[in-house]
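I have placed the structure first, in the form of structure tokens, so that the comments after it can refer back to it.
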Amino acid sequence: GAVVSQHPSWVICKSGTSVKIECRSLDFQATTMFWYRQFPKQSLMLMATSNEGSKATYEQGVEKDKFLINHASLTLSTLTVTSAHPEDSSFYICSASGATGTTYEQYFGPGTRLTVT
Amino acid sequence: QKEVEQNSGPLSVPEGAIASLNCTYSDRGSQSFFWYRQYSGKSPELIMSIYSNGDKEDGRFTAQLNKASQYVSLLIRDSQPSDSATYLCAVRFTGSARQLTFGSGTQLTVLP
């Protein structure tokens, strides 16, 4: 149980284009989804928190107009990197919470490796 | 300031030994604690959660929680080379809804 998928697993795009990453909870309803970014050999960095049907809450320093998050249903959240630049190249990982009511575990998707050329 | 501290390592242990990973946190009122394992190039995987003081065992893994000392640890018995990974400690701080604060991780290498 508690399986989270992400698509695509890797993507290469040209500078200035936009990329959409999907995160799905496959066997539970995720009341909250999180988006993280991780650079090589660094720790997870939380970008934003999204609750179904609400606007995402972005961490300090994360541009909400550049990283668009939509959490339209209890099983799907999307992250769109708009006008991507090489410095946006990173490993983007989503997680979902809500499998149980009070225990707060987060289950991670497999991640999306973005390379901007 | 909400902080989760881990020794970054690297920690090396021989195969078959016990690996001990430690974590301290800043909020005495925290109630939920998690250990994740992250292999190189992969996303984190939840291996243990603990909510009460004391020990919680799951197979070769034992999580230990001491809320008075604001300390949580993970013991891996009979360590295997396949246990080589970065281990992340995560804490749900009071008032943080479902958000977890992660430590920077401890890199463990189990030597065959």
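Chains as they are written, first to last, in the numbering used here: chain A, 7 to 123; chain B, 27 to 138. Backbone N, C-alpha and C define an ideal beta-carbon position, used for all residues, glycine too.
Assigned exposure category for residue i - 16 Cβ within 10 Å defines buried
i        : result
ASN57/A  : buried
PHE59/B  : buried
GLN70/B  : Going by the sequence as given, residue 70/B is Pro instead of Gln. That one is buried.
ASP33/A  : exposed
ARG124/B : buried
ILE76/B  : buried
ALA62/A  : buried
SER56/B  : buried
ASP94/A  : buried
GLN32/B  : buried
GLN35/A  : exposed
THR121/A : exposed
ILE99/A  : buried
TYR64/A  : buried
SER110/B : buried
Among the options, the one whose alpha carbon lies nearest that of residue i
i        : options                                  : result
ASP81/B  : LEU101/B, PRO70/B, LEU37/B and ALA45/B   : LEU101/B
GLU111/A : GLY67/B, GLN27/B, GLN32/B and PHE119/B   : PHE119/B
TYR113/A : SER56/B, ASN92/B and ALA116/B            : ALA116/B
ARG86/B  : ASN92/B, TYR113/B, SER105/B and GLY131/B : SER105/B
LEU114/B : SER31/A, SER21/A, GLN48/A and GLN35/A    : GLN48/A
VAL136/B : GLY129/B, ASN79/B, SER130/B and SER46/B  : SER46/B
LEU134/B : GLN57/B, GLY35/B and LEU126/B            : GLY35/B
THR112/B : GLY121/B, SER130/B, MET74/B and GLN96/B  : SER130/B
VAL52/A  : SER60/A, GLU69/A and GLY59/A             : Here residue 52/A is Leu; the residue named in the question, Val, does not match the sequence. Measuring from the Cα of LEU52/A, the nearest candidate turns out to be GLU69/A.
LYS68/B  : THR88/A, TYR64/A, VAL17/A and PHE97/A    : PHE97/A
GLY121/B : ASN48/B, TYR97/B, VAL98/B and ARG54/B    : ARG54/B
HIS77/A  : ASP71/A, ARG119/A, SER60/A and GLU65/A   : SER60/A
ASN92/B  : ASP84/B, SER78/B, GLU83/B and ARG103/B   : SER78/B
CYS19/A  : ASP71/A, THR88/A and GLN35/A             : THR88/A
THR127/B : ARG103/B, CYS49/B, ALA89/B and ILE73/B   : CYS49/B
THR109/A : VAL98/B, MET74/B and SER99/B             : MET74/B
Integer Cβ distance of residue i from residue j, believed to fall under 8 Å
i        : j       : result
GLU29/B  : TYR62/B : Incorrect: roughly 17 Å between the Cβ atoms, too far for contact.
ALA54/A  : ILE75/A : 5 Å
GLN44/A  : GLU28/A : Not really, about 18 Å apart at Cβ, beyond 8 Å.
LEU85/A  : PHE73/A : 6 Å
VAL10/A  : SER24/A : Actually they are not in contact, since the Cβ atoms of VAL10/A and SER24/A sit about 23 Å apart, beyond 8 Å.
PRO116/A : SER15/A : 6 Å
DSSP bridge partner residues for residue i (one or two, in chain order)
i        : result
SER31/A  : VAL10/A
ARG43/A  : MET51/A and TYR98/A
LEU100/B : LEU47/B and ALA89/B
ALA111/B : LEU134/B
ARG63/B  : GLU71/B and TYR113/B
VAL87/A  : VAL25/A and PHE73/A
LYS82/B  : ALA89/B
TYR113/A : ALA102/A
GLN32/B  : CYS49/B
LEU82/A  : ARG30/A and SER79/A
Chain D within 8 Å of residue i, Cβ atoms only
i        : result
ARG118/B : In the structure shown, chain D cannot be found, because the protein chains are A and B.
*Touch check for the segment 89-107 of chain A and the segment 24-39 of chain A: three-plus C-beta pairs under 8 Å?*
yes
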